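Residue numbers (the working numbering): -2 to 362.
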């Protein structure tokens, strides 16, 4: 039966409850946060399963009493409907979770094919994500930005963070920044008349989006001899520190060859800290991708929707149309999407990913 594993989760939930009731456990704050997080993940599963079991008992009782009382017989139909709803809710709760779903992210937007028009489109994408973050109550911090001549971006890195709840965890388990933005990674294509086009012809260009979960210090080990750190003078538009001080920082991770540069801040120390945040997130993403490559075909198919190598979306300005090619989503409200109304499109990706995982779990069972 699909819900057999729930009994084991109920036991784990009860054990966590006992541990969290012990004051000694809270002496280790990191361990207490880990236990609280797992307890919060299991609580909706346990409560839904108990309601599912109770509804089953109620149905049996109503059927027995319904043999002599029509009112109880009529109640069976409503209880059957309620149990079906609980069954579907429990199935969704049992979908294998991405362990990074509650993490904050580093989001990078890079200009691609199309020259200056691509850089302008990268700026549009950046504003779209900043507006979306503002709508859902996330905090954003631009870590580094390389602006183009006409006000777009050759590349830009942004930290996106969900504010903690009163308990110190993100407000809704599974609804963290990575849980929503991980579907944004890939090639975004735009079709429109560029600002630089004098004859009114529609051009097609592209920009790339890279989204990685932000790593904690304990998740990625970086040895003191693994880094080469170079400093140089900043370049680009504006700022009193540009070309006057060696504040820009370039960090090379020698074992992997990964290179990260930051010059957005006036302080060399601030640029170094920003570069290290980006480097850690990239190393964590690389480790996770390596684990996925070693996983089964079923597991790889579950993460296909976040494959950054695929052209995932088209923004067609003349038709005001937005299309996500992975899930067949299409809408004619591009202006609203660029203003931050991303939820319907993201939800379509979430639903497709959940359906794939449910199908894979069913095949495995």
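Virtual Cβ for every residue (Gly too), placed ideally from N, Cα, C. These numbers were taken from a predicted model, which means no experiment stands behind them.
- Residue 260 counts as buried, since no fewer than 16 other beta carbons sit within 10 angstroms of its beta carbon.
- With a threshold of 16 other beta carbon atoms within 10 Å, residue 154 meets it and is buried.
- DSSP, read as helix, strand or coil, puts residue 107 in strand.
- For residue 308, the enclosing beta strand (DSSP E) begins and ends at 308 to 313.
- By the beta-carbon neighbour count (other beta carbons within 10 angstroms, threshold 16), residue 179 is buried.
- Residue nearest to residue 189 within the set 13, 14 and 331 is 331 (criterion: CA-CA distance).
- Listed in chain order, the beta strand (DSSP E) elements of length 3 or more contained wholly in the segment 171 to 200 are 183 to 189.
- The DSSP assignment places complete alpha helix (DSSP H) segments of no fewer than 4 residues inside the segment 15 to 81 at 26 to 63, in order along the chain.
- DSSP places residue 115 outside any beta strand (DSSP E); the residue lies instead in the alpha helix (DSSP H), whose first and last residues are 113 to 133.
- Nearest neighbour of residue 119 by Cα position, chosen from 133, 353 and 104, turns out to be 104.
- For residue 321, the enclosing beta strand (DSSP E) covers residues 318 to 321.
- The segment 215 to 232 makes contact with the segment 277 to 285: 3 or more CB pairs, one atom from each, lie closer than 8 Å.
- Spanning the alpha carbons of residue 225 and residue 147 requires a straight line of approximately 33 Å.
- The beta carbons of residue 211 and residue 156 sit closer together than 8 Å.
- For residue 343, the three-state secondary structure derived from DSSP is helix.
- Residues of the same chain with a CB within less than 6 Å of the CB of residue 351, apart from the 5 flanking positions on each side, are 92 in chain order.
- Here residue 247 is bridged, per DSSP, to 227 and 258.
- The segment 326 to 344 makes contact with the segment 123 to 131: 3 or more CB pairs, one atom from each, lie closer than 8 Å.
- The distance from the Cβ of residue 204 to that of residue 106 is about 6 Å, consistent with a contact at the 8 Å cut-off.
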